[in-house]
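Peer 1: Submitted below is the structure of interest, expressed as C-alpha cells.
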Amino acid sequence: MKIKNLAHPSRKRVGYLALGLAVVVAAAFAFSSIYKSPASSSTGVARTVKVTTGIVQSSVSASGNLSTVSNANEAFVAGGTLTSLNVALGQKVTAGQVLATIDSTQQSAALQSAESTLTVAKMNYTNAQTSARTLAKTLATAKATLATDQRGGTTVQKDQNQSTLDNAQQQLTNDQNQLVSDQTLLATDETNLSAAQSTYSSDVSLGCPASPASTGSSGPSSGSVTPAVGGAPSVVTDGATSISTTTAVLNATINPNGSATTYYFQYGTTSSYGAATATSSVQSNSNSTQVSTEITGLSPNTTYLFQVVANSSMGSSLGTGVTLTTPETSCFTSNQTITTDGTKVTTDQSQISKDQSAITVQGLSVQIAQQGAKASPTAVSSDKSSITQDEAAIAQSKVGLVQNQASIAQDQVSIEQASKALSETQLVALISGDVTAVSGSVGQTVGGGGSSTSSGATTTSSSSTTGSGSGSSSSSLITIQGLRQLQVVSSFAEADAIKIAVHQTATITLASLPNTVVRGVVTAVAAVSTIVNNVVTYPVTISLTNPPATLKDGMTAQVSVVVQTVSNVLELPSAAITTTGSLSTVQVQGANGVKKTTPVTLGLVGTSFTQITSGVTEGETIVEPTASVSAATTTGGTTTGGLGGGGGRGFGGGAP
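Under my numbering, the first residue of the sequence shown is numbered 4, with each subsequent residue one higher.
Here it is in C-alpha cells:
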C-alpha cells in the first residue's frame, strides 16, 4: 500500500528542527532550575499513595505530519446482519459518530464467556495462592517438628524423659540389690535346712522315734484354784509343756487373793529340788492366773520334780510337786526345724523368682525409657516423609500458580480480542462530512473488509489486520465526503505496530501548539513495512476528531495510541513499584506507620499506572521510593521543580 505524505520534505525538516529546539530549551530550563537556582535545596521526600480501583492504559508513540482527508468509504471489518442504520443520504456526520451496527449476539456472548473464564481463572489463582501459603506454613511446621524430634523432644519433654529413665534405672538397681539380699537369705536358710536335716538323721540313728516312757510327760494338773480372799495366795502346779531333751516349760495357776504376789518354780531330780527359776509377779487381784516359765539345761531321758512357790504379804503357798520326763532324743523338734527351714527355703525361692521377674520387667522399662530419652527413628522418618510430601505439594502448587497466571494472561487476551470484535460490530465515522452513498438496509447481510480514507488520488484502508491499499471500496456500506478532515500518518516501530488496531483511540500533540491536545482514532494500519537505515516501521493513519481551526496541513505531530486497556482493576503509580529481576515489591505502610516490603504480582504495565493482580488490597497505603527533589524559591512565590517521573494518567510514553 502506498501512503502519500502531503507535507513537503523541507517542511518536515523544519518541523523536526522545531521539535528538537523545544526539547533543548526545556532541558536547559530544567537544568537551570535544578543546579543554578540561588536558593535551591535537595530534600528526600517520601510520598504515599493509596491502592485504588481504576483503568490502566498502555500506549505507544510516534511522530508524523498532519494532512487533509477528502473521502471515507465506511464498511464493517467483518460482515454480518445489519441491525441498525443511523444515517441517510445527504446527512452530515462527525468523526467518531456511530453510523450503523450489525448483530453482536455472538460477539457479546464471546465477551461474556471470556470475562467469566477470566473471573474463574482469577479465583483459581487466589485459591492457589492461599493453598501455597498454607502449604508453606505446613512445611515450616513439619521442619520444626523434625528438628524437635531429632533433638529428642522439647526441653520439657527431654527433662521428663530423663527423669523417667533415672527413676527406672534406680528401681532396677533396687530390684537387683533385693535379689542379691534374697539370694543371700536363701543360702542361709538352705544351710540351716541342711543342718536341721543332718541333726534329724543323727537323732534317728539314736533311736528316733522315742519310747512312750521317754516322750516327755508331767504329773497331775488341776488348772484352777479355790480363792481365799484375804489369805495367802492359792496355787496349783500344772503339768509341763514343750518338753524337749534339754528344755521344758513349767506351768502353774495362781490366785493372789487380792494381794501383790510373786512366784517362782523350784525343780530337781529329787524331792529336795535344788534349782529354782527367777522370781516373777502377778497382779493384785482375786482371779486365777496361768503362769509359766521355761527352764533349760535339762538332761535327756531324765525325770524331774517341780513345784510352784507363791509369796504375798498374807503368806506363802507351795504347789503340789509334779514330775516331767525329758525324751531320750529330739526327733520331733528336729523334724519341726526341718519343716520350718524348708518353708523358709521355699518362701525364699518364691521371692527370688518374684525378684527376677521384677528385674526383667524393670529392665524392659529402662529400655523403653532409654528409647524415650533419645530421638525416635520412627518419628524422624515420619517427619522427613511429611516434609517430602509438603515440598512435593509446594512444587506442584507453584506449577499450578504458573498455569493459573498463564490462564489469566490468555483470558485477558481473549477479552481484548472479544472486546475488539464487539466494538467492530459498530461502524464509526472516520471523518466528519456529508453522507454521499448508502448501500444497505436493516436486516440485510452486509460484507466486511474495513473502512478506508482517501486524500486526492491516494487511499488508506483499515481492516481487522491491515489496510488494503485499494481505491474506493466497492463493498463500502456508507461513503462520506470530508469537510477539511485532518489525519496524521506516523511510522511506528514494528514492536509497537503489532499492538495497534483500527478503531483504537489516540491523542495528538503538536510542537507548534504545546497547549493543544487533539483526540483521534486509528483508521488504517499498513500491511507493508517501510525500511529506512535498516529500521523497520509501519505507517499508521490516525484521523483527528474535531480538530481546532488553528491546525494546519503539514504541522509536526506527536501521536500516542492506546493499545491496551483494563478496567475495574487494582492500580498503583508505576513509580511506587520496585522491580528487581522477576520480583516486584511495594512498601506497605500499616496503621502504626510501620513499613513492610510486600511482593506483588503485576498485570498490565501502563504508561503511568500499573495493574496489581495480587499482593495488596484496595485502600492500603503504599510508600513510594524516596526521590530527591530540588526546590527553588523565588520572590514571586513560584516553586519550580526539577525533572522527575510520576504524573497522572495522561497518554504518552513508549511501549510498556
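Where is the CB? At the ideal position from N, CA and C, for every residue including glycine.
1. Quick check on this structure: which residue in 350, 355, 265 and 544 has the alpha carbon closest to the alpha carbon of residue 3?
2. What residue ranges within the stretch 486–537 form continuous alpha helix (DSSP H) runs of no fewer than 4 residues, ordered along the chain?
3. Please classify residue 110 as buried or exposed, where buried requires at least 16 other C-beta atoms within 10 Å of its C-beta.
4. Residue 75 by DSSP, collapsed to three states: which one?
5. I need the DSSP call for residue 545, collapsed to helix, strand or coil.
6. Can you check which of these residues, 550, 307, 369 and 345, is closest to residue 250 by C-alpha distance?
7. Mark residue 204 as exposed unless 16 or more other C-beta atoms lie within 10 angstroms of its C-beta, in which case mark it buried.
8. So, are the CB atoms of residue 267 and residue 309 less than 7 Å apart?
9. Rounded to whole angstroms, what is the Cα-Cα separation between residue 169 and residue 366?
10. Taking a contact to mean a Cβ-Cβ separation below 7 Å, would you say residue 99 touches residue 431 in this structure?
11. Mapping DSSP to helix, strand and coil, what is residue 480?
12. Under 8 Å Cβ to Cβ from residue 422, same chain only, skipping five residues before and after it: list those, please.
13. Who pairs with residue 437 in a beta bridge, going by DSSP?
14. For the beta strand (DSSP E) containing residue 606, list its first residue and its last residue.
15. Within its chain, find whatever has a CB closer than 6 Å to the CB of residue 50; leave out the 5 residues flanking it on each side and keep chain order.
16. What does residue 60 pair with, by DSSP beta-bridge criteria?
17. Please state whether DSSP places residue 161 in a helix, a strand or coil.
18. Can you give the Cα-Cα distance for residue 449 and residue 530, rounded to whole angstroms?
19. Does the stretch 599–610 come close enough to the stretch 569–587 that 3 or more CB-CB pairs lie under 8 Å?
20. Going by DSSP in three states, residue 625 sits in which element: helix, strand or coil?
21. Which runs of the beta strand (DSSP E) fall wholly inside the stretch 287–337 and span at least 3 residues, in chain order?
22. From this set, 599, 619, 428 and 555, which residue's C-alpha is nearest residue 107's C-alpha?
23. Do you know offhand how far residue 82's Cα is from residue 480's?
24. Using the Cα positions of residue 636 and residue 399, report the straight-line distance between them to the nearest angstrom.
25. Since residue 488 and residue 71 are thought to touch, with beta carbons under 8 Å apart, how far apart are those beta carbons, to the nearest angstrom?
26. Assuming residue 52 contacts residue 613 under a Cβ cut-off of 8 Å, what Cβ separation, rounded to an integer in Å, is found between them?
27. Is any heavy atom of the ligand GDP found at a distance shorter than 6 Å from the C-beta of residue 105?
28. Assuming contact is defined by CB atoms lying nearer than 7 Å, are residue 181 and residue 358 in contact in what I supplied?
29. Could you spell out where the alpha helix (DSSP H) holding residue 147 opens and where it closes?
30. Taking the alpha-carbon positions, what's the residue 236 to residue 329 distance?
31. Any idea what DSSP makes of residue 371, helix, strand or coil?
Peer 2: From the atom records:
1. One cannot answer for residue 3 here, as it falls past the ends of the chain, which runs 4 to 659.
2. 497–500
3. buried
4. strand
5. strand
6. 307
7. exposed
8. no
9. 12 Å
10. yes
11. coil
12. 114
13. 95 and 484
14. 598–608
15. 627
16. 568
17. helix
18. 24 Å
19. yes
20. strand
21. 292–298, 306–315, 318–321 and 325–328
22. 428
23. 11 Å
24. Bear in mind that a pLDDT of 37 at residue 636, under 50, signals an unreliable position, so the number given afterwards is only what the model happens to contain. Distance between the alpha carbons of residue 636 and residue 399: 59 Å.
25. 7 Å
26. That pair is no contact at about 12 Å.
27. With respect to the ligand GDP, the structure shown offers nothing to examine, as it has no ligands at all.
28. yes
29. 108–153
30. 30 Å
31. helix
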